[in-house]
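Just so you know, we're using our numbering here: the sequence shown kicks off at 15 and counts up by one.
A quick write-up on the structure given underneath.
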Amino acid sequence: MIDGSAVLTVFLVYLAGVVIPGPNFVAVVHKAVAATRSEALALVAGIVLVNLFWATCAIAGIGVVFAAFPWAALIVKVLGAAYLMWFGFRLLLKAGKSALAPCNNSVVGNFRQSFIQGVVTNIGNPKSMAFYAAIFSAAAPTHVSPSTFLSMLAVVVVVSMTWYGVVAIALSLPEIASAYRKRKKAIDRLCGGLILSLGIRQLVQ
């Protein structure tokens, strides 16, 4: 039997948390305006897959591992911060250099690379684990039934896929892509600077 109150709590808290801009949001925005819509959605799929992984870990209590072995959390934190800083610095260096195709939806993009980028961007942020652990420790009952477990995971998938999917689709519209091409250097520098600063903040906190 599904614990409706627990699932509703997860939905409300998760919805409030997922819309807050962070590395995932910035990565989706840049991919949507700079690449094809399909590539942006592939990146979203990578992010959603990791969200599902973190949620499963949190419900299963694997978050206790990070508490018991702080060095493991530190390794993930440093590697994740290093990736974000590399990604941001790379955007800054290449700002305005790569040419875009005339139509955002007409190019067969590198879907696999975009998917992996989404996975690495999300899994490299140990705060995601803390976020999911906080949500499910507060909302999940002591003994989670299989139906409640699956319902909670469904909430995570649907909410994150809908939010990031809408962002990817909206920002990949031809009008927006055209506007991006006109201001590519400034937007690349802005996104690169944001991602770089997020990486630095993650490293020092």
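Where is the CB? At the ideal position from N, CA and C, for every residue including glycine.
Classify residue i as buried or exposed, calling it buried when 16 or more other Cβ atoms lie within 10 Å of its own Cβ.
| i | result |
| --- | --- |
| Val226 | Look at the range of the chain in this structure, 15 to 219, and you will see that residue 226 is not part of it. |
| Arg215 | exposed |
| Gly18 | exposed |
| Lys108 | exposed |
| Ser142 | buried |
| Asp202 | buried |
| Leu212 | buried |
| Arg197 | exposed |
| Ser128 | buried |
| Val218 | exposed |
| Ile89 | exposed |
| Leu55 | buried |
If residue i sits next to residue j, beta carbons under 8 Å apart, how far is it from one beta carbon to the other, in whole angstroms?
| i | j | result |
| --- | --- | --- |
| Val47 | Ala191 | 6 Å |
| Ile209 | Pro37 | 6 Å |
| Val169 | Val21 | 6 Å |
| Phe125 | Glu53 | 6 Å |
| Ala69 | Leu167 | 6 Å |
| Leu66 | Val171 | 6 Å |
| Ala72 | Tyr146 | 4 Å |
- prompt: With contact counted as at least three CB pairs below 8 Å, one residue from each stretch, are the region 96 to 103 and the region 176 to 189 in contact?
  reply: Three or more Cβ pairs closer than 8 Å define a contact, and the region 96 to 103 falls short of that threshold against the region 176 to 189.
task: Check whether the region 59 to 75 touches the region 162 to 179, counting contact only when three or more Cβ pairs, one atom from each stretch, lie closer than 8 Å.
output: Pairwise C-beta distances place the region 59 to 75 in contact with the region 162 to 179, as three or more of them are shorter than 8 Å.
query: What are the start and end residues of each continuous alpha helix (DSSP H) run of 4 or more residues lying completely inside the region 149 to 210, in chain order?
result: The qualifying runs are 160 to 185 and 188 to 196.
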